[in-house]
Amino acid sequence: MLDKEKWKKKFMAILSLDSHPGHISAGFAVGVFISFTPFFGLHTPLAIAAAFILRLNKLTCITGAWINTPITVIPILGLSYKLGRVLRGLPPGELHLKGLEWHYLEKHATSLLLGSSILGFIAAILSYFACYYLVVRFRQKDESLAELTQEMEVVGEEIE
Numbered sequence: 001m002l003d004k005e006k007w008k009k010k011f012m013a014i015l016s017l018d019s020h021p022g023h024i025s026a027g028f029a030v031g032v033f034i035s036f037t038p039f040f041g042l043h044t045p046l047a048i049a050a051a052f053i054l055r056l057n058k059l060t061c062i063t064g065a066w067i068n069t070p071i072t073v074i075p076i077l078g079l080s081y082k083l084g085r086v087l088r089g090l091p092p093g094e095l096h097l098k099g100l101e102w103h104y105l106e107k108h109a110t111s112l113l114l115g116s117s118i119l120g121f122i123a124a125i126l127s128y129f130a131c132y133y134l135v136v137r138f139r140q141k142d143e144s145l146a147e148l149t150q151e152m153e154v155v156g157e158e159i160e
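First residue of the sequence shown: 1, per the UniProt record's numbering; consecutive thereafter.
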């Protein structure tokens with residue numbers, strides 16, 4: 001079952017990371033973008049690779065990659081497919097799949113990749129600002145974290 005206290009502690013740990021709020025938010029946003037891609041089973045390795053290559057916060061990047069859950073994956077996949085078809089000048093059609101493995105998805109790859117890229121980009125932008133707001137708001141409640149965040153905002157980078 002879902003342990004509410006365990007998830008609350010993990011969420012608080014992310015919000016109180018000793019890093020610039022923009023750095024935390026950027027990692028989360030890249031992870032959210034990755035979660036919208038149709039490369040199921042590769043989201044975590046892609047998030048780790050992106051975090052290393054782009055020098056992002058690994059924890060928040062991986063967390064963002066887990067945003068698209070089994071409950072939301074089918075509606076997002078269908079919407080991505082329809083959006084991709086419309087952007088390619090084709091009529092929006094229904095996506096009929098036997099499974100989420102790549103060999104079932106590859107004949108729809110162009111529409112899926114185009115649509116999921118657009119939706120992922122929009123979700124990444126929204127998640128960046130939401131995460132930034134939550135980190136700053138959470139840190140305002142703790143005097144030492146608020147002071148550290150204010151210094152980071154002024155300097156524009158992490159303080160050692």
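Where a beta carbon is used, it is the ideal one built from N, C-alpha and C, also for glycine. This one's a predicted model, so the numbers in the text were calculated from it and none came from an experiment.
| said: Helix, strand or coil, according to DSSP, for residue 106 in the structure here? | reply: Helix.
| task | Measure the C-alpha to C-alpha separation of residue 98 and residue 105 and round it to an integer number of angstroms. | result | Rounded to the nearest angstrom, the gap between the Cα atoms of residue 98 and residue 105 is 9 Å.
| query | By a C-beta neighbour count over all protein chains shown, 10 Å radius and 16 as the cutoff for buried, is residue 115 buried or exposed? | reply | So residue 115 ends up on the buried side.
| request: Could you check if residue 43 is buried or exposed, using at least 16 other CB atoms within 10 Å of its CB as the buried criterion? | output: So residue 43 counts as buried.
| message | On the criterion of 16 or more Cβ atoms from any shown chain inside 10 Å, does residue 20 qualify as buried, or is it exposed? | response | Classification for residue 20: buried.
| query | How many Å lie between residue 159 and residue 27 at the Cα? | reply | Low local confidence applies: a pLDDT of 43 at residue 159 is under 50, so the model's placement there is unreliable, and no value is given.
| Just the Cα atoms here: how many angstroms apart are residue 15 and residue 74? | Going from the Cα of residue 15 to the Cα of residue 74 covers about 29 Å.
| field | At least 3 beta-carbon pairs within less than 8 Å: the region 35-50 vs the region 60-80 | value | They touch, by the three-pair rule.
| query | Can you check whether the CB of residue 131 is closer than 8 Å to the CB of residue 202? | reply | Any property of residue 202 remains undetermined from this structure, which presents the chain solely from 1 to 160.
| Delimiting residues of the alpha helix (DSSP H) encompassing residue 74 | Its alpha helix (DSSP H) spans residues 73-87.
| What does a CB cutoff of less than 6 Å around residue 40 pick up in its chain, not counting 5 residues either side in sequence? | Excluding sequence positions up to five before and after residue 40, its CB lies within less than 6 Å of the CB of 100, all in the same chain and listed in chain order.
| said: Between which two residues does the alpha helix (DSSP H) holding residue 59 run? | reply: Residues 58-65.
| field | Beta-carbon contacts of residue 80 that lie in its chain and below 6 Å, excluding the five residues immediately before and after | value | Contacts found: 112, 115, 116 and 119.
| said: What does the Cβ neighbour count give for residue 108, buried or exposed, with the cut at 16 atoms within 10 Å? | reply: By the 10 Å Cβ count, residue 108 comes out buried.
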